[in-house]
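Asks: Residue numbering for the sequence shown follows numbering that gives the first Met the number 0, starting at 0 and increasing by one per position.
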Amino acid sequence: MGFLDRDKDYQSQAQATIQAEIQSSSLPNPMANGQHNLKVRYTVSLPHLTNPQESRLTCHETAEETTYVSTHISSRIHSLFSQLKLTAANSSTLGAHGNEGLALSIEVATQTFDSYLDCDHRSYGGVCGLYDVRPLSLLVPLQCIAALPKLTTLVLPWGWELPMTYPSPSTPVREHYTRPWEGPLRDTRHEFGNAICEQEKLLSGRRIPASLKNAMLHFWKKQQIPLEDQSVARPDLIHPAERDPFSVGLCRLAMQLERLDLCAMVTEELFPATREAENQQWSSMQRLRIEFHPLRSDGMWYFVGPRGEDPLHSEISEDDREGGFHISETKDYPRERDIPADQEIDEEFDEYPNGDSELDELTDMFRTEPHRERIEPLLERFAAAVACMPRLKDAEMFAYVWWAPSESRGEEYACDAPYEQDSVHKWGVRYLAGRDSDGEATTPVVQWEIGDWRPSTGVMELFEKLGSQEFLAFEFTEGRPWPTTDDAMRARLF
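(1) Could you check how far apart the C-beta atoms of Phe245 and Ser296 are, in whole angstroms? I think they sit under 8 Å.
(2) According to DSSP, is Glu190 part of a helix, a strand, or is it coil?
(3) Hey, Lys392 and Ala432 are a contact pair by Cβ (cut 8 Å); roughly how many whole angstroms apart?
(4) Along the chain, where does the alpha helix (DSSP H) that runs through Ala15 open and close?
(5) What residue does the beta strand (DSSP E) around Glu495 start on, and which one ends it?
(6) How close, in whole Å, do the beta carbons of Gln229 and Met364 come, if the pair is a contact with beta carbons under 8 Å?
(7) Leaving out five residues on either side along the sequence, give the residues of the same chain with a beta carbon under 6 Å from the beta carbon of Gln279.
(8) Rounding to the nearest angstrom, what Cα-Cα distance links Ala88 and Gly248 in this structure?
(9) Would you kindly check if the distance between the Cβ of Ser122 and the Cβ of Tyr351 is under 8 Å?
(10) Just to check my reading of the structure: Pro369 and Trp452 have Cβ atoms closer than 8 Å, yes? What is that Cβ distance to the nearest angstrom?
(11) Rounded C-beta distance between Asp235 and His292? I'm assuming under 8 Å.
(12) By Cβ distance below 6 Å, which residues in the same chain neighbour Glu314 in space, the five residues on each side in sequence not counted?
(13) Check each candidate in Tyr399, Gly450, Leu101 and name the one with the smallest Cα separation from Arg40.
(14) Grouping DSSP H, G and I as helix and E and B as strand, with all else coil, what is Phe381?
(15) Whole angstroms is fine: what's the gap from Leu138's alpha carbon to Asp243's?
(16) Out of Glu277, Leu103, Gln22, which has the shortest C-alpha to C-alpha gap to Thr151?
(17) Just reading off the beta strand (DSSP E) that Thr42 is part of, what are its end residues?
(18) Quick test of your reading: Met299 and Arg188, contact by CB under 8 Å. State the CB separation rounded to the nearest angstrom.
(19) With distances taken between CB atoms, is the gap from Ile207 to Leu287 smaller than 8 Å?
(20) If you count every other CB in all the chains shown that lies within 10 Å of the CB of Cys414, and 16 or more means buried, which is it?
(21) Hey, quick one: how far does the beta strand (DSSP E) through Glu290 stretch, first residue to last?
(22) Note down, in chain order, each residue of its chain lying with its Cβ closer than 7 Å to the Cβ of Ser282, except the 5 sequence neighbours on either side.
(23) According to DSSP, what are the bridge partners of Pro333?
(24) Going straight from the alpha carbon of Tyr556 to that of Arg334, what length do you get?
(25) Indicate whether the contact test is met: 3 or more Cβ pairs, each with one atom in the region 256-269 and one in the region 194-210, closer than 8 Å.
(26) Are Thr111 and Leu161 closer than 8 Å when you measure CB to CB?
(27) Of the choices Val385, Lys221, Val172, Leu48, whose alpha-carbon is the least far from that of Glu277?
(28) For the alpha helix (DSSP H) containing His120, list its first residue and its last residue.
(29) Between which two residues does the alpha helix (DSSP H) holding Glu460 run?
Written as structure tokens, this is what we have:
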């Protein structure tokens with residue numbers, strides 16, 4: 000086995016981490032009006048991956064190795080929670096922090112390698128800067144919070160999703176070396192949604208605490224520069240299910256929340272249906288912000304090109320349902336063993352690391368116009384959900400759309416390009432309940448940032464029932480603003 004554990008005494012290390020944090024937080028925080036705030040930051044290490052001359056690693060990680068890493072991570076998290084439980088039982092230790100509670104931050108370290116390890120099958124993220132990041136199952140954060148019965152706030156800065164693969168000109172990089180595999184992505188999304196809907200069954204007899212009221216859940220990695228090819232086929236992450244388990248699970252979770260900041264690839268099933276009973280609505284919600292990915296969970300897109308370009312929109316699956324390609328058990332999962340073709344692929348990459356010079360420029364982000372039949376069900380369910388939130392103060396739903404076409408597409412538009420090259424803007428709608436300076440209720444407002452496009456009459460009527468309508472101009476930027484946790488704080492989501 001090519002792993003080296005560098006923290007064999009992890010139980011003592013977890014205890015030492017907690018004690019150090021207790022000591023460092025013993026002094027009053029001047030920003031907290033003299034209150035004591037206990038914050039525990041814990042980093043889960045990963046075993047070091049070795050590749051000795053006398054026992055070279057295979058190109059592909061085996062199931063045995065993956066199991067080893069999973070067990071390693073689980074043991075460290077279990078140890079942390081055990082030490083927290085022991086610390087909590089010591090009333091004298093936590094006496095100064097009892098009212099404010101505990102802020103627990105868990106980070107997973109990156110995968111470390113021997114410096115001479117040279118195999119692109121052994122990288123994980125598939126994007127520059129993320130090669131050493133091991134994606135975890137989305138069950139991990141759910142299992143963690145189910146063990147915290149008094150949890151009030153959950154922050155997930157990145158749920159390890161990369162909906163679009165990196166547009167490399169090299170065929171080995173795109174199709175053979177490690178990348179965000181479609182099969183595991185679908186599986187973990189299904190596991191996440193199903194675990195929320197069947198908590199005791201799938202969370203080892205535990206439940207998500209009813210005390211959880213605030214959540215910031217950012218599942219996919221947002222790029223600040225255009226790096227995607229929106230013309231390539233994407234998988235159907237719903238099939239074989241009839242409904243998107245991921246969206247349905249998030250809908251169920253939001254029923255108990257008061258504040259939600261969500262960044263996810265979803266369908267309209269994210270929102271409760273109007274026919275659902277009152278106890279199935281988001282009646283406790285006060286502040287809501289949703290950034291949806293332009294790509295849907297079923298492999299279709301919410302947006303098309305300015306001239307209606309929608310590559311792959313007519314892709315027909317085996318069950319006659321329009322959507323993305325069905326995930327293959329052989330092609331869309333990482334292999335566990337080497338095959339003879341691996342050597343040929345490596346030789347091709349060594350000879351042509353940048354691919355065929357005749358390939359078009361691979362970044363091709365052109366989907367800027369809403370596809371009415373796909374976007375309106377999402378808008379309709381959003382409006383209906385907002386109407387059932389009596390305590391709501393602010394709700395926003397939006398996507399960022401780019402104009403960064405490929406070289407050939409840019410030449411087709413020439414002087415008729417609708418936007419400046421590499422420009423990005425927000426497309427969406429926002430509801431403001433309305434309060435004057437004295438806190439008195441005023442007329443609610445619905446603000447649109449949708450350009451010249453307008454929803455159909457039936458959808459528009461739903462929003463008109465919510466308040467007066469305002470149509471705002473797009474705000475263009477060169478590159479996407481970097482989202483931070485501070486953004487959520489400033490938006491008073493937490």
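All C-beta atoms, glycine included, are put in the ideal place defined by N, C-alpha and C.
Replies: Here's the rundown:
(1) Between Phe245 and Ser296 a beta carbon distance of about 6 Å is seen, short of the 8 Å cut, so the two are scored as contacting.
(2) Residue state, collapsed to three classes: helix.
(3) That pair is a contact at about 5 Å.
(4) Residues 9-23.
(5) No statement about residue 495 is possible, as the shown extent of the chain runs from 0 to 493 and does not include it.
(6) About 5 Å; that satisfies the 8 Å criterion.
(7) Cβ neighbours of Gln279 beyond the five flanking positions: Pro271.
(8) Going from the Cα of Ala88 to the Cα of Gly248 covers about 34 Å.
(9) Inclusion of Tyr351 and Ser122 in the CB contact set at 8 Å is not warranted, their separation being larger than that value.
(10) Pro369 to Trp452, Cβ: 6 Å. Contact.
(11) Separation of the CB atoms of Asp235 and His292 is rounded to 15 Å, and the pair is thereby denied contact status at 8 Å.
(12) Confidence at Glu314 is low in this model, with a pLDDT of 48, below 50, so the placement of that residue is unreliable and no value is reported for it.
(13) Nearest to Arg40 by alpha-carbon distance, out of Tyr399, Gly450, Leu101, is Leu101.
(14) Reduced to three states, the DSSP call for Phe381 is helix.
(15) Going from the Cα of Leu138 to the Cα of Asp243 covers about 17 Å.
(16) Nearest of Glu277, Leu103, Gln22 to Thr151, Cα basis: Leu103.
(17) Thr42 -> beta strand (DSSP E) spans 37-43.
(18) Between Met299 and Arg188 the beta-carbon gap is near 16 Å, outside 8 Å, which marks them as no contact.
(19) No, the Cβ-Cβ distance between Ile207 and Leu287 is not below 8 Å.
(20) With fewer than 16 other Cβ atoms inside 10 Å of its own Cβ, Cys414 counts as exposed.
(21) Counting along the chain, the beta strand (DSSP E) containing Glu290 begins and ends at 286-291.
(22) By the criterion of a C-beta distance shorter than 7 Å, Ser282 is surrounded in its chain by Cys387, Met388, Pro389, once the five residues flanking it on both sides are discounted.
(23) Partner(s): none; Pro333 has no beta bridge.
(24) Look at the range of the chain in this structure, 0 to 493, and you will see that residue 556 is not part of it.
(25) Cβ pair count under 8 Å is below three, so no.
(26) For the 8 Å CB-CB criterion, Thr111 and Leu161 do not form a contact.
(27) Restricting attention to Val385, Lys221, Val172, Leu48, the CA atom closest to the CA of Glu277 is found in Val385.
(28) Note, His120: premise wrong, no alpha helix (DSSP H); not H, not E.
(29) Glu460: member of the alpha helix (DSSP H) spanning 456-463, first to last residue.
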